[in-house]
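For the sequence shown, my numbering assigns the number 531 to the initial residue and increments by one for each residue that follows.
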Amino acid sequence: REAARPGRLPGSVGARCVRPQVPRVGRVRGAGARGAPRRVPNFPPLSPPAGATTPAAAGSGAAPRAPRVRFNLRAAGDAEAEGCELAVGQRGRLQRCGFNATAKTFLIIHGWTMSGMFETWLGSLVSALQEREKEANVVVVDWLPLAHQLYTDAVNNTQVVGKSIAQLLNWLQENPLFQLQNVHLIGYSLGAHVAGFAGNHVQGTIGRITGLDPAGPMFEGVDPSKRLSPDDAGFVDVLHTYTRETLGVSIGIQMPVGHVDIYPNGGDFQPGCGLSDVLGAIAYGTIGEVVKCEHERSVHLFVDSLVNPDKQSFAFQCTDSGRFKKGICLSCRKNRCNGIGYNARRTKNKRNSKMYLKTRADMPFKGMLSLLKSIQIRDRLI
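Okay, structure coming up:
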């Protein structure tokens, strides 16, 4: 794959802003499906993270130290701990860390960051996976030094991180007990595209990739080889929770990029994240908090699907959210409905299948409780 072309783009993604000034407006080409100019906010540049290579360092004669991508296997019962680091070529660590080659392996990939630190959702997702799949390996892909950059630079770094993940998986496959079909990559925002690049570069086919509101800027409308696509794994499912345009740009990608693309509440508005809050945030320079609410809802919906299996939500295939809101598409015939989050399943001959559902504002998020499930059961019995 070729690296996405750089442009001037906003800080997005799951970020927590500390009342910056109201952002200036600039232009970027390539944010839309047809490359039309978009007006987007130019957020203040970030200071380089510790360990990052700077132009000054590169010209000083000192050997630059490239930031590493770290793979931390999290121990069961201690999701907040840093974990035991795996390293390509060091088989002794696999045994010391307790890596189980025959079990399912989940790799969690975070997105762009303004803080240089993990978001609070990461520990919740680790715990939920460990509780649901008790024998599984849960690995956190730590690419913070490469993600704590200007957004455009972080986008270009996604290629590097994807290749690093592919190298790890290729090495693990040297053990015949390790099977790629048991691998599930879960990527949030920019991390979703990282997962796609990993799937493209690995030797073989990864079992599943879940994209949690994949980032939109610099990925909307580009060639499938330059973003997450259905070609990157045996099953690619996507949750879209923030596709509404603000100042001319959609933080989450609008186009379908998986086998199954689910748009909760139409994908452009999430209960509890009000439009009035968005307008107020723009006025007061706190847009990051509202972005976090809707963009990060994708993660919480996935966590909900893990911890509340008895309250499973169903999404319904429909051409657009307007028809779904009118109740036209509430059918499960011919595989027209599916679970969401961890409970999503690939159905035959489905690709870029757009599906919709309505949720509540809080966990458990299941909406239209008995109605949707009764329709699903009834249609399968007819």
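Glycine residues also receive a C-beta, built at the ideal position from the N, C-alpha and C atoms.
As the structure is a prediction and not an experimental result, all values here were calculated from the model.
Given that a residue counts as buried once 16 or more other Cβ atoms are within 10 Å of its Cβ, and exposed if not, what is residue i?
i      : result
Met644 : buried
Ala891 : exposed
Ile839 : One detail in the question is off: residue 839 reads as Pro in this sequence, not Ile. Exposed.
Arg559 : For Arg559, the predicted model reports a pLDDT of 35, less than 50, meaning its position is unreliable and no value from the coordinates is stated.
Gly607 : exposed
Asp743 : buried
Asp753 : exposed
Lys864 : exposed
Thr776 : buried
Lys856 : exposed
Glu661 : exposed
Lys878 : exposed
Ser755 : exposed
Thr773 : buried
Pro571 : Confidence is the limiting factor: at Pro571 the pLDDT is only 40, short of 50, which leaves the residue's position unreliable and the question unanswerable from this model.
Arg875 : exposed
Arg866 : buried
Phe895 : buried
Arg827 : buried
Asp761 : exposed
Gln800 : buried
When the Cα atoms are used, what is the spatial distance from residue i to residue j?
i      : j      : result
Gln689 : Ser759 : 14 Å
Gly619 : Asn700 : 11 Å
Arg604 : Asp672 : 12 Å
Gln697 : Cys859 : 43 Å
Phe765 : Ile716 : 12 Å
Ala677 : Gly641 : 7 Å
Val779 : Met885 : 22 Å
Arg623 : Arg757 : 32 Å
Cys888 : Ser851 : Note on residue identity: the sequence assigns Lys, not Cys, to residue 888. Cα to Cα, Lys888 sits roughly 10 Å from Ser851.
Pro706 : Ala631 : 9 Å
Asn712 : Ser654 : 22 Å
Pro747 : Cys803 : 21 Å
Asn882 : Val790 : 6 Å
Gly726 : Ala763 : 8 Å
Gly692 : Gly796 : 30 Å
Leu831 : Val821 : 16 Å
Val837 : Trp651 : 14 Å
Ser861 : Glu750 : 30 Å
Phe648 : Lys664 : 23 Å
Met893 : Cys823 : 13 Å
Using 8 Å as the threshold, is the C-beta distance between residue i and residue j below it?
i      : j      : result
Phe629 : Leu659 : no
Leu769 : Ile783 : no
Asn873 : Gln847 : no
Val599 : Tyr718 : no
Ile870 : His825 : no
Pro794 : Thr771 : yes
Gln679 : Gln703 : no
Ala633 : Ala666 : yes
Glu615 : Phe601 : yes
Val668 : Val685 : no
Ala728 : Ile695 : yes
Nearer than 7 Å: is that true of the beta carbon of residue i relative to any heavy atom of the ligand NAD?
i      : result
Val656 : Annotation note on the ligand NAD: not contained in the displayed structure, which lists no ligands.
Spell out the partners DSSP gives residue i in its beta bridges.
i      : result
Ile739 : Leu715, Val766
Ser780 : Glu775
Phe636 : Val668, His714
Arg863 : According to DSSP, Arg863 bridges with nothing at all.
Gly692 : Paired residues: none, contrary to the question.
Met885 : Ile792, Gln847
Phe601 : Leu616, Val671
Ala745 : Gly782
Gly869 : Phe844
Lys896 : Thr889
Open item on the list: For the pair the segment 739-747 and the segment 715-723, tell me if three or more CB-CB distances fall below 8 Å.
Closed with: Contact holds: three or more Cβ-Cβ distances are below 8 Å.
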